[in-house]
């Protein structure tokens, strides 16, 4: 079993749809959590950090459930430009080591 | 300001050869990371530097892989006796401090024939 698991998708949704991605992690000592976005043949870029209290940035909402070791990302009112792969990232207590999930691919269609 | 840069952008080599991949982090970033990414997978952690020292090298797959960061800035990932299975995109990232946002370079696409 992988340390960070994501549903690979692909998720194909129409513009304006709401879509949710889930991520589970197995290391209970994990300390910090992020969602990164990666466009095709490009490098990953930070989308948002994930806090225990949950956080929102415009159309994006991230949630963390430490008890269930589960992270989610909700995208509202999907845009064509949201089409990308979304990577869940978990940082360990042993500072510096980051474990990436294999990503969830989203395609938003007109 | 300038982001993370990596050279070369592409490297084609033959099985058994030695390669060096270079990473120039963002100025002032003390933490530097190397990952490799294969098609359809997320970046796989290789090694993390804090300053000049390798704080965590647990992701290096075997002793053919080695990385240095002698002056706490530029880093070089060295791969000896390359194998076809080493073919991947090698990504470098830097951050201001451990566990903060990582900024990635464009990667080096390594192909071992």
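Chains as they are written, first to last, in my numbering: chain A, 98 to 207; chain B, 1037 to 1149. Positions of the beta carbon are idealized from the N, C-alpha and C atoms, including for glycine.
_Using a Cβ-Cβ cutoff of less than 8 Å, which residues in the same chain neighbour residue 1049 (chain B) once the five nearest sequence positions on both sides are dropped?_
Around residue 1049 (chain B): 1055, 1118, 1146, 1147, 1148, 1149.
- Please confirm if residue 1147 (chain B) has its CB atom under 9 Å from at least one CB of chain A. No, no contact with chain A.
From B:1081, B:1061, B:1089, B:1067, residue whose alpha carbon lies closest to that of residue 1124 (chain B):
Looking from the CA of residue 1124 (chain B), the closest CA among B:1081, B:1061, B:1089, B:1067 belongs to B:1081.
Problem - Three-state secondary structure (DSSP) of residue 1131 (chain B) - result: Per DSSP, reduced to three states, the secondary structure at residue 1131 (chain B) is strand.
Which residues bound the beta strand (DSSP E) around residue 1114 (chain B)?
Secondary structure note for residue 1114 (chain B): its beta strand (DSSP E) is the uninterrupted segment 1111 to 1115.
Between the CA atoms of residue 1092 (chain B) and residue 189 (chain A) - distance to the nearest angstrom
Near 11 Å, if we compare the C-alpha coordinates of residue 1092 (chain B) and residue 189 (chain A).
Tell me whether residue 112 (chain A) is buried or exposed, calling it buried when 16 or more other Cβ atoms sit within 10 Å of its Cβ. Label assigned to residue 112 (chain A): exposed.
Open item on the list: Excluding the 5 residues flanking residue 186 (chain A) on each side, which residues of the same chain have their C-beta closer than 8 Å to its C-beta?
Closed with: For residue 186 (chain A), where only same-chain residues beyond five positions count, the Cβ hits under 8 Å are 101, 130, 131, 132, 133, 195, 196, 197, 198.
Notebook entry, point to check: Which residues in chain B sit within 8 Å of residue 77 (chain A), going by Cβ to Cβ distance?
Noted result: Because chain A here runs from 98 to 207, residue 77 (chain A) falls outside it and cannot be looked at.
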